[in-house]
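> Shown below is the structure under consideration.
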Amino acid sequence: MLSLLVMVSPLGVKLKKYKKAAAIALFIFLLTACGKPGRPIILPDREEVISISVSDGERTGYSPDAGGEADEFISDFLDALTNMEITNKESITDAPPNVDYITIGLKCRDKTTTLFYYKDKGTEYVEQPYQGIYKPDAALGLYITEITSQIYIFV
């Protein structure tokens, strides 16, 4: 009987080691599988934005520039940008690679914030370089269409 206990004991110790190793491996897997949470977009305050430009690379359009109409349009456009869904995808380049995109410029008195709007596999995205990639509300596409319908070609 004593010899039976001695033989079971090393097996029990080995099982405990395996369980402990499995628990550690599971913990590391879960820790790395969760990924980093996405970061919110960084936008200028509404009062700072003078105008919004939209460019497809060849043509550029601008937001309305007449008083109340301009204020309302810029406020609505910024609201659409503020209410985007964070995708947890990282932006690691100056511009989206391998896709056709529209450049959005939020012009302030002392700087311009640049964003990129594009579609990938039927889904719309807005990318802020080195900050994140976001899914916009459908309203943003309508505002971009409104600006691009008034596009002027600059030579």
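Numbering (the numbering used here), first residue to last: 12 to 166. For each residue, glycine too, the CB sits at the ideal point set by N, CA and C. All values derive from a computational prediction rather than experimental measurement.
#1: From what residue to what residue does the alpha helix (DSSP H) around E83 run?
#2: Just to confirm the assignment, what range does the beta strand (DSSP E) spanning G116 have?
#3: Give the DSSP-derived three-state secondary structure of I122 in the structure shown.
#4: From Y163 to G72, what distance separates their C-alpha atoms?
#5: Can you tell which of I113, T134, P147, D111 has the C-alpha that lies nearest to the C-alpha of L89?
#6: On the three-state DSSP scale, how would you describe G152?
#7: Could you tell me the alpha carbon to alpha carbon distance between G143 and I103, rounded to whole angstroms?
#8: Helix, strand or coil: which one does DSSP assign to K130?
#9: From K122 to F84, what does the alpha carbon distance come to, in whole angstroms?
#10: Thinking just about the alpha-carbon of each residue, which of E69, D67, I113, I63 is nearest to the one in P75?
#11: Let me make sure I understand the geometry here. Which of A106, G78, V65 has the alpha-carbon closest to that of Q139?
#12: Should K30 go down as buried or exposed, given a rule of 16 or more other Cβ atoms within 10 Å for buried?
#13: At the level of alpha carbons, what is the spacing between L151 and E157?
#14: Helix, strand or coil for T71, going by three-state DSSP, please let me know.
Reading from the atomic positions:
#1: Looking at the DSSP string, the run of the alpha helix (DSSP H) that includes E83 is 78–93.
#2: Residues 112–119.
#3: Note that residue 122 is Lys in the sequence shown, not Ile. If DSSP states are grouped into helix, strand and coil, K122 belongs with coil.
#4: Because the pLDDT of Y163 is 47, which lies under 50, any placement of that residue in the model is unreliable, and the question is left without a value.
#5: Measuring from the Cα of L89, the nearest candidate turns out to be P147.
#6: Shown here, G152 sits in a helix according to DSSP, grouped into three states.
#7: In a straight line, the C-alpha of G143 is about 8 angstroms away from that of I103.
#8: K130 falls in the strand class under three-state DSSP.
#9: Inter-residue distance for K122 and F84 is about 20 angstroms (C-alpha atoms, whole angstroms).
#10: Closest by C-alpha distance to P75, out of E69, D67, I113, I63, is I63.
#11: Comparing Cα positions, the closest option is A106.
#12: Exposed is the call here.
#13: The alpha-carbon atoms of L151 and E157 are separated by roughly 10 angstroms.
#14: DSSP places T71 in strand when its eight states are reduced to three.
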